[in-house]
Amino acid sequence: MSERRKPYPFDLLEPKWQNLWEERRPFRALNPGDPGFDPARPKYYVLDMFPYPSGTGLHVGHPEGYTATDIVARYKRLRGCNVLHPMGWDAFGLPAEQYAIRTGQHPEITTRENIARFRTQLKRIGFSYDWEREISTASPEFYRWTQWIFLQIYHSWFNPETQRAEPIATYRGADPDSVRLAYVAEVPVNWCPELGTVLANEEVIDGKSEVGGFPVVKRPMRQWMLRITAFAERLIDELEPLDWPEGIKLLQRNWIGKSEGAEVRFTLPDHDGAIAVFTTRPDTLYGATYMVLAPENPLVEQLTTNEQRPAVDAYKAQVAAKSDLERTDLAKDKSGVATGAFALNPVSGERIPIWIADYVLMGYGTGAIMGVPAHDERDFEFAQKYHLPIREVVAETPRTTEGGELPCAMPPLIATTGDGFAINSPLIDGLPTAEAKQRITAWLADQGLGRGTINYKLRDWLFSRQRYWGEPFPIIWREGKHEAIPENELPLVPPPLDDFKPTGTGEPPLARAKEWVRYSDAATRELNTMPQWAGSCWYYLRFCDPANDQRFVGKEAERYWMGSSESPGRAPLAPGPAPRFRGGGVDLYIGGTEHAVLHLLYARFWQKVLFDLGHLSTGEPFQRLVNQGIILGEDGRKMSKRWGNVIDPLDVIAEYGADAFRCYEMFMGPLEQMKPWSMTGVEGVARFLARAWRLVMEENQAGEWMLSESVAEVEPTRAQLKVIHATIKKVSEDIEALSFNTAIAQMMIFVNAFTSPGRTASAGPGSAPVPGAGFGVPPKQSSAVGEDAESAQVRESGTPAPARETRALPGGARSVPVAALRTLLVLLNPFAPHLTSELWETLGRRFPVEPAEITNQRWPEYRAEFLIEDEIEIPLQVNGKVRDRITVPITATSAELEALARANVRVQEFSAGLTIRKIIVIPKRLVNVVAN
RNA sequence: GCCGAUGUGGCGAAAUGGCAGACGCAACGGACUUAAAAUCCGUUGGGCUUAACGGCCCGUGCCGGUUCGAGUCCGGCCAUCGGUACCA
């Protein structure tokens, strides 16, 4: 089996161009102030979600988004923009650490090797990154500033009056530590006893550890938290004007989970104080027949009566022993125990029992609820099980009950959770739900029993990990209190360790480095490290100015690259109140949906803090966001080792070349869609590129590729001009819309038209011979069209030669206009940069141009006059069905079209015996005769 | 349960409310070749009809609606995939 012959020598020319790009750095982005920087050009910042350099290398899913951004980057450069298109590594992370635990190899070494492999792979695909801006979140030069940003967060608080982050110095209260945006709290974490470590939520799947599948329990530990909840409102509001997929915005909104309602205080007849609950339905307060506390609620301890104590303690123990998995599994089965204590319903004064149950969560609201079984399904289920009273207080139609007698003898059979009208509720009887809520909330506020309030599902961000391979906190502990280390001590580098294993006690591995831990006689270092998200929260800012050792990003560089720019194709911002941020940020950000919530929310949060503190020029980091779809294996399943359907990009490139790989990734279908890989599909795209190659090149006797003799400085024919300009239009518009698949389809049409004599000269799209239209010789259009000398000349040589002969003797048989080729090469360049660079250079040797490099060309503009037809084909419909087509001058009026339709034999045939009711004429489109 | 996305040929797909299936794959036929590969040309949604040129009917998950006209807009279902899960 001999090696298959390459359809064109991509194996030679792709490395050639990649080396040239490496040497000449044509894709270097200049910052304001750099020599050669051109402030007149608009900026464009196009960003990929940078990868975690895993041990397995790139798979075909990664380069899908990367190819899309690369096309846009190259396109914008040809459009004359200053383009920032960087790449880096999200290099801290668990896999490297776990590999270190297994092998003893330091994560730094593993990470360096993985990065090297990723970089090689990316370069082999021919991406036009500015590699001088490459960054790694695990390098001290980078995480120095991650630590610095943490300190900014630590040194600030959220002022509720200004709704902004401010330096902690502006806080006037007694205890600044209680309001810092970074604070320490005892919170339940995912503790995995088998692994002896704490896990992030993402590492817990169905209540078991992702690694090993061991059970995970909640256990309270002292942790660093970031007060993201303070920004909940802004994180929702400022999402609105962003050019993001609606689905992602919705996901974020739901994650933040804003709900408006009221906090209601239930006083305790037998104790001091009260229990506050949050409810979205204060209008159902009269229906509250019991209360439930979360088992973890500290009040349980005080309230439980002696008789109930054994049962309560047993239940609490049972709940604590439940893994997350069991809790989820048993979600539908309600359970609980009465505390023996009672509370007073604030509106009815009724004594109602207080229970504990695990369907009430400590982490949401106040960790306590009022039970309204008639109008809440969970409460209904609970009340049925424990025979608690069910009282209907909302009805579909208004029913005022005089005297407030107790309701139905028969309790309702289901909970009705919809809106309606209040009943059995003296203060609000007859009011519709919305109004009832307002009235009762106002009444509660008046009585000092409650107030309107807003609750969020969003929790503060648990920011510390008991890990080695992450950023150490720039924090020390002195006499039980935390304080920041001076900025000049950054970066705080982790100590060298040989043993990265968790200690088993929950104490972080950094504790092993005794020397490092000791900061001074009186102070020790914080032992936790930051989570993997920390670096990705601001890496896009560092790209603007990656070598700056004075600041996390230079002010001017940040203002330039993160400033607002008019990006064509972006929807104009909706009218309305000016958003708090100024509409700047990354112009295009492409990545997977898996980061819809966490990364994209965390990064927005940091951006807002830094913006409020005056370090940034915009409050939102990513102006336009696009998610690429997942690429499935050839079998339609998710690619995985398990199915043996994983495709390695380098294998594809070895066989078909990087250009074919890139083009296929884009030709598969819409960027955002999930779609299966197909090797024969790659082959089809490779054939297209080979045809484009042979349009310019031919092989001589010795088998060497030479510039084809048929390439000549001739004027394109009218039909060719039409294809050229249609392609310019389509490709330009499609790149702006990220519809790369249809852009490639159009370029295929272009190449086909110029490759096949039969398709070009005689039959450009729309000018195919039409039966009955009165054409003579097929290649001749109407001579009245007025053709120029050049096109006539082409026809002279081209027409008499049959197709076969043309191909047998490519030289001289037919001329291919150089200008047309040049246009194609520029249009195709963002997609297939190596091939087009090579062909451009080859063309330039015989037909020199200035500037010589294709990367310095200007993107062509289409001219509408070449797209206009003299004659067009109009379908004639009778009752919506096409019965004939006629060819008419483009200028044909409605009246003329109607007359032609009426006179048409086929129309007459199909409307025979019917009365013509109406004739719809859409000029240049169609005629529809309505008859019955 | 809830939220979101997607349903179009044998396959990936395309279509400002206006000729459904561009472009590509696969398949089939042909040219070239001793032969194959490569390349090139052609056919290709289904059904019926014609000796043939042609012609007719059906067809974008299902049901209904708006419209001269619906893959596209509206209402109601169904299926597949993804996310989420006691959030009071």
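Start counting the first sequence at 898; every next residue gets the next number (the numbering used here).
By construction, the Cβ of each residue, glycine as well, lies at the ideal position given by its N, Cα and C atoms.
Per DSSP, the unbroken beta strand (DSSP E) holding L981 starts and ends at N979 to L981. Distance between A1062 and L1495, taken at the CA atoms: about 21 Å. Nearest in C-alpha terms to P1391, of all of Y1759, P1406 and M1594, is P1406. Shown here for N1597: same chain residues with a beta carbon closer than 8 Å to its own, the five before and five after excluded, namely M1603 in chain order.
In this structure, the CA atom of L1513 is about 28 Å from the CA atom of R1362. When only Cα atoms are considered, P1195 and W1252 end up about 13 Å apart. Distance between Y1365 and E1491, taken at the CA atoms: about 25 Å.
Counting C-beta pairs closer than 8 Å gives fewer than three between the region 1612-1628 and the region 1535-1550, which falls short of the contact rule. Secondary structure at Y1436: helix, using DSSP grouped into helix, strand and coil.
In the DSSP annotation of this structure, A1265 is not part of any alpha helix (DSSP H); the continuous beta strand (DSSP E) holding it starts and ends at A1265 to G1268. Taken through DSSP and simplified to helix, strand or coil, W986 comes out as strand. Nearest neighbour of I1125 by Cα position, chosen from K1354, A1292, W1042 and D1210, turns out to be K1354.
In this structure S1245 does not touch Y1187 by the C-beta definition: roughly 13 Å separates them, more than the 8 Å allowed. Contact between the region 1431-1442 and the region 1452-1463 is present: three or more C-beta pairs spanning the two stretches fall below 8 Å.
Proximity to F1024 across R1077, L991 and V943 peaks at V943, based on C-alpha coordinates.
The region 1372-1382 makes contact with the region 1420-1429, as at least three CB pairs between them are under 8 Å. DSSP places A1339 outside any beta strand (DSSP E); the residue lies instead in the alpha helix (DSSP H), whose first and last residues are T1330 to Q1344. For Y1353, the enclosing beta strand (DSSP E) has its first and last residue at G1347 to Y1353. The beta carbon of Y1499 sits closer than 8 Å to the beta carbons of I1125, W1358, W1430, S1433 and C1434 from its chain, once the five residues preceding and following it are set aside; these are given in chain order. Under DSSP, Q1205 takes part in no beta bridge, so it has no partner.
In the three-state scheme derived from DSSP, where H, G and I count as helix and E and B as strand, S1636 is classed as coil. Collapsing the DSSP output to three states places G1233 in a strand. Close CB contacts of Q1504 within its chain, under the 7 Å cut and outside five residues either way in sequence, are with L1513, G1516, E1517 and P1518 (chain order). By the Cβ rule, the region 952-965 counts as touching the region 1016-1031, because three or more pairs are nearer than 8 Å.
The C-beta of D1484 has 16 or more other C-beta atoms within 10 Å across all chains shown, which makes the residue buried.
Residue pairing for M1118: DSSP places it in a beta bridge opposite V1084.
In the DSSP assignment, N1524 falls within the beta strand (DSSP E) that extends over L1522 to N1524. The beta-carbon separation of V1291 and T1313, rounded to 6 Å, stays under the 8 Å limit for a contact. Beta-carbon to beta-carbon, Y1561 and G1578 are separated by about 6 Å, close enough to satisfy the 8 Å threshold.
Apart from the 5 residues on each side of it in sequence, P1004 sits with its Cβ closer than 6 Å to the Cβ of A993, E994, A997 and W1366 in its chain, given in chain order. Residue range P1004 to I1022 is occupied by the alpha helix (DSSP H) that includes I1012.
Under a 10 Å Cβ-count criterion, M984 is classified as buried, with 16 or more other Cβ atoms of the shown protein chains found around its own Cβ. In this structure the region 1779-1789 lies against the region 1802-1817, because at least three pairs of beta carbons, one per stretch, are closer than 8 Å. Taking L1096 as the centre and dropping the five residues before and after it, the same chain places the C-beta of N1087, C1089, S1106 and V1113 closer than 7 Å to its C-beta, in chain order. If you look at K1378, you'll find it in the beta strand (DSSP E) that goes K1378 to A1381. Taking C-beta atoms as the reference points, P1142 and L1522 count as a pair closer than 8 Å.
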